[in-house]
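Data block below; observations after.
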Amino acid sequence: MACFRCVFSTRFPQSHRLFLHLASPLPRAPAPTAAAAAPQPPFFIRQINMQAQNVAARLSSSGFLHAQGLVGGKWTDAYDGKTIEVRNPATGEVIANVPCMGRNETNDAITSAYDAFNSWKKLTAADRSKRLRKWYDLLMAHKEELGQLITLEQGKPLKEAIGEVGYGAGFIEFSAEEAKRVYGDIIPSPLPDRRLFVLKQPVGVVGAITPWNFPLAMITRKVGPALACGCTVVIKPSELTPLTALAAAELSLQAGIPPGVVNVVMGNASEIGEALLSSPKVRKITFTGSTAVGKKLMAGSAGTVKKVSLELGGNAPCIVFDDADLEVALKGTLATKFRNSGQTCVCANRILVQEGIYDKFADAFSTAVQNMKVGNGFGEDVVQGPLINEAAVQKVESLIKDAISKGAKVILGGKRHSLGMTFYEPTVISDVKNEMLISREEVFGPVAPLLKFKTEEEAIHMANDTNAGLAAYLFTTNVQRSWRVSEALEYGIVGVNEGIVSTEVAPFGGVKQSGVGREGSKYGMDEYLEIKYVCLGNLS
Ligand code: NAP
0 MACFRCVFST
10 RFPQSHRLFL
20 HLASPLPRAP
30 APTAAAAAPQ
40 PPFFIRQINM
50 QAQNVAARLS
60 SSGFLHAQGL
70 VGGKWTDAYD
80 GKTIEVRNPA
90 TGEVIANVPC
100 MGRNETNDAI
110 TSAYDAFNSW
120 KKLTAADRSK
130 RLRKWYDLLM
140 AHKEELGQLI
150 TLEQGKPLKE
160 AIGEVGYGAG
170 FIEFSAEEAK
180 RVYGDIIPSP
190 LPDRRLFVLK
200 QPVGVVGAIT
210 PWNFPLAMIT
220 RKVGPALACG
230 CTVVIKPSEL
240 TPLTALAAAE
250 LSLQAGIPPG
260 VVNVVMGNAS
270 EIGEALLSSP
280 KVRKITFTGS
290 TAVGKKLMAG
300 SAGTVKKVSL
310 ELGGNAPCIV
320 FDDADLEVAL
330 KGTLATKFRN
340 SGQTCVCANR
350 ILVQEGIYDK
360 FADAFSTAVQ
370 NMKVGNGFGE
380 DVVQGPLINE
390 AAVQKVESLI
400 KDAISKGAKV
410 ILGGKRHSLG
420 MTFYEPTVIS
430 DVKNEMLISR
440 EEVFGPVAPL
450 LKFKTEEEAI
460 HMANDTNAGL
470 AAYLFTTNVQ
480 RSWRVSEALE
490 YGIVGVNEGI
500 VSTEVAPFGG
510 VKQSGVGREG
520 SKYGMDEYLE
530 IKYVCLGNLS
């Protein structure tokens, strides 16, 4: 099936394929709503275009920017020459054209990874560890440029983007250390002439499919442990943010990770997915993205019985009890709700506030939200960037419309930002009920829905009343309550008096329909290992 976003392009040399179209027109968005029709300030747009051009030029000359896929260590175009445009979500301008790859390129990437597996797995753990450490050092040495690239293609504020580089690189550093600790086991034998050994061995070729909201970290969280264990990978980044993945892959080569160990293909998602799923050479699929696509990949993996890890969507409750420290609750809730403009799987999706503190919290929270500066991620003091695309804004609009029609009230925002494009006003809405769509689905935008509850039991019931089970938060100064509620929440991650919970040293992952498996920490290593039991007999 053809990819609807692919366009035919003559085969420009690599350098011409980057930033060729900075002045090209914006994609025609679907019919705007009344709020969307607000005029765009042309001067502002011109100004941010200049910033983007400067950043683009600097990155282009830095040498690690690529606009081709990586197959067997070679930078590669789509075999039919088709490309996809990568756009800056803050301006709509084309940053680069990358290959629109499909089945054939993916099959070649799988073959390269399969061939490389034979030698990569045989390196000593210490050798793999050294190369991963070097990769980490290079990622950190290019922290600024990688951060700029993330802001350029994903839109998040530069400070947050540079933070993502540190966070993402952390998975490579941790994996470099953990590579040396893949221990087996010896089991006491029930028979005198036998010895029982447990070996841990790499799974094999891994297909890693990642989303756009963390263009670097969602890749390193998979590739770090995979490589540390001796696996090789075929990465499929989101078509919306492939440039960071390609830059990271370039740095992996510079770090001495051999050609074929890390491959990157992008383009026609369903064709690439199908090639990965159907190949018996691919022994593991690791996916981060929406629950709907995760279910398809899980079902598709059955044909060749692959190992599967899924990091899927969330619907995080953030519970503020009457006995919470208001300052701590405000800081934590703001952080978990508005990070990446609300576009993370662990963002608070429902803010449950106990009736005794509800009005006070709503007032203070709305004041804090009102002070958040919205704009291009390169702008000074900007803390809220654009949403990723028009579809994301339309989803936010439809959820708010549904909530208002069922009795919710807009305290702040509730419409597109006057900056135009995909900028949306940071929003607070009250009187939200758990039955409304906004409480059932991932908002994935800068909207904080406030729900009122009376008792601890009611809060736990409301929090668990969803198919998702990724992250949950609670704010209380009562130690007994913090334990009681943490244990009762049906979630893989619980933040108590804390809104930022992700770290490479802890197991990240969800229960229910939020996923299978864990990423990060020693537990994340197990996802890329098979257990082999060896029984040594006849020893008498
Ligand atoms: P998505 O639409 O599911 O896409 C994720 C990845 O899957 C992209 O690379 C996409 O490619 C690819 N894809 C789409 N259809 C495919 C198919 N049929 N076969 C193979 N690959 C396919 O999700 P998204 O919109 O990028 O990301 C947002 C979602 O990710 C949210 O639900 C969020 O909660 C979740 N997420 C979860 C975690 C976690 O750790 N649990 C972390 C971050 C995000 P294209 O982009 O090229 O179409």
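Just so you know, numbering that gives the first Met the number 0 puts 473 at position 474 of the sequence shown, and the rest follows in order with no gaps. Every residue, glycine too, gets a C-beta built ideally from N, C-alpha and C.
Can you tell me which of the options puts its alpha carbon nearest to the alpha carbon of residue i?
i      : options                           : result
Glu143 : Gly165, Glu249, Arg127 and Ala244 : Gly165
Asn348 : Arg338, Gly355, Glu354 and Ile356 : Arg338
Arg282 : Glu526, Leu535, Ser539 and Leu538 : Glu526
Gly80  : Phe196, Ser365 and Gln67          : Gln67
Ile437 : His416, Val395, Arg415 and Tyr423 : Val395
Arg480 : Pro98, Gly62, Ala458 and Asn466   : Ala458
His416 : Asn433, Gln353, Ser340 and Cys346 : Ser340
Ala467 : Ile94, Leu309 and Ile356          : Leu309
Leu131 : Glu172, Asn96 and Gln147          : Glu172
Gly498 : Cys344, Ile403, Glu354 and Lys405 : Cys344
Ser501 : Gly91, Arg517 and Gly355          : Arg517
Thr243 : Val202, Leu296, Ala323 and Leu148 : Leu148
Met238 : Glu84, Asp184 and His460          : Sequence check: residue 238 is Glu here, not Met. Of the listed residues, the one whose Cα sits closest to Glu238 is Glu84.
Ala95  : Ala56, Ala112 and Phe116          : Ala56
Lys511 : Leu311, Val442 and Pro189         : Leu311
Met524 : Lys199, Glu270, Lys294 and Asp107 : Lys199
Ile530 : Trp134, Ile185 and Thr240         : Ile185
Ile403 : Leu449, Gln369 and Ile256         : Leu449
Asn314 : Val307, Thr290, Lys294 and Asp324 : Thr290
Ala301 : Val292, Ile399, Ser277 and Asp324 : Ser277
Asn267 : Pro98, His460, Phe63 and Asp324   : Pro98
Glu540 : Asn433, Arg439, Ile399 and Glu441 : In this structure the chain extends from 0 to 539, so residue 540 is not present and cannot be described.
Glu354 : Ala462, Ala274, Glu455 and Arg439 : Glu455
Leu122 : Gln369, Pro201, Leu58 and Gly183  : Pro201
Phe170 : Gly509, Glu503, Ser513 and Gly331 : Glu503
Ala274 : Lys294, Gly299, Ala447 and Val292 : Gly299
Ser269 : Lys295, Ala462 and Gly491         : Lys295
Find out if the Cβ-Cβ distance for the pair residue i, residue j is shorter than 7 Å.
i      : j      : result
Pro445 : Thr421 : no
Lys280 : Ile109 : yes
Val197 : Tyr522 : no
Leu488 : Arg194 : no
Ser174 : Ala207 : no
Val547 : Ile234 : Since the first residue shown for the chain is 0 and the last is 539, residue 547 is missing from the structure and cannot be characterised.
Ala471 : Pro316 : yes
Ile410 : Val427 : yes
Pro258 : Gly412 : no
Asp358 : Thr476 : no
Ala115 : Thr285 : no
Trp119 : Val261 : no
Thr287 : Thr219 : no
Lys336 : Ala447 : yes
Apart from the five residues on each side of it in sequence, which residues of its chain come closer than 7 Å, Cβ to Cβ, to residue i?
i      : result
Tyr78  : Asn103 and Glu104
Ala505 : Gly519 and Ser520
Gly154 : Pro88, Ala89, Gly376, Gly384, Pro385 and Ile387
Trp211 : Gln153, Ser237, Leu239, Thr240 and Ile387
Ser397 : none
Lys133 : Ala254 and Gly255
Phe42  : Low confidence applies to Phe42: its pLDDT is 33, below 50, so where it sits in the model is not reliable enough to give any reading.
Ala34  : Residue placement at Ala34 is flagged as unreliable, the pLDDT there being 33, under the threshold of 50; the coordinate-derived value follows with that caveat. Answer for Ala34: Lys414 and Arg415, listed in chain order.
Glu379 : none
Who are the near neighbours of residue i in its chain, counting only those whose CB is closer than 6 Å to its CB and skipping five residues on each side?
i      : result
Val381 : Pro156, Lys372 and Gly374
Met139 : Ala168
Ala407 : Ile428, Asp430 and Val431
Lys405 : Met435
Phe569 : As displayed, the chain neither begins before 0 nor continues past 539, which places residue 569 out of reach and without an answer.
Pro38  : Reliability of the predicted coordinates at Pro38 is poor, the pLDDT of 34 falling under 50, and no value is obtained from them.
Leu538 : Asp192
Thr303 : Pro279
Can you name, in chain order, every residue of its own chain whose Cβ lies under 8 Å from the Cβ of residue i, other than the five neighbours on each side?
i      : result
Val327 : Phe474 and Asn496
Leu329 : Phe360, Ala363, Phe364 and Ala367
Leu137 : Leu250, Gln253 and Ala254
Ala334 : Gly498 and Ile499
Ser128 : Ala175, Glu176, Ala178, Lys179 and Ala227
Lys453 : Gln353 and Glu354
Which residues share a DSSP beta bridge with residue i?
i      : result
Trp561 : Outside the modelled stretch of the chain, which goes from 0 to 539, sits residue 561, for which no answer is possible.
Cys534 : Leu195
Leu449 : Ile350
Asn262 : Val233
Met100 : Gly266
Phe422 : Answer is none; Phe422 lacks a bridge partner.
For residue i, verify whether its CB is less than 6 Å away from any heavy atom of ligand 2.
i      : result
Val392 : No copy of ligand 2 occurs in the structure displayed; its ligands are ligand 1 alone.
When the cut-off is 7 Å and only beta carbons count, does residue i lie next to chain D?
i      : result
Lys142 : Note that chain D does not occur in the displayed structure, where there is just one protein chain.
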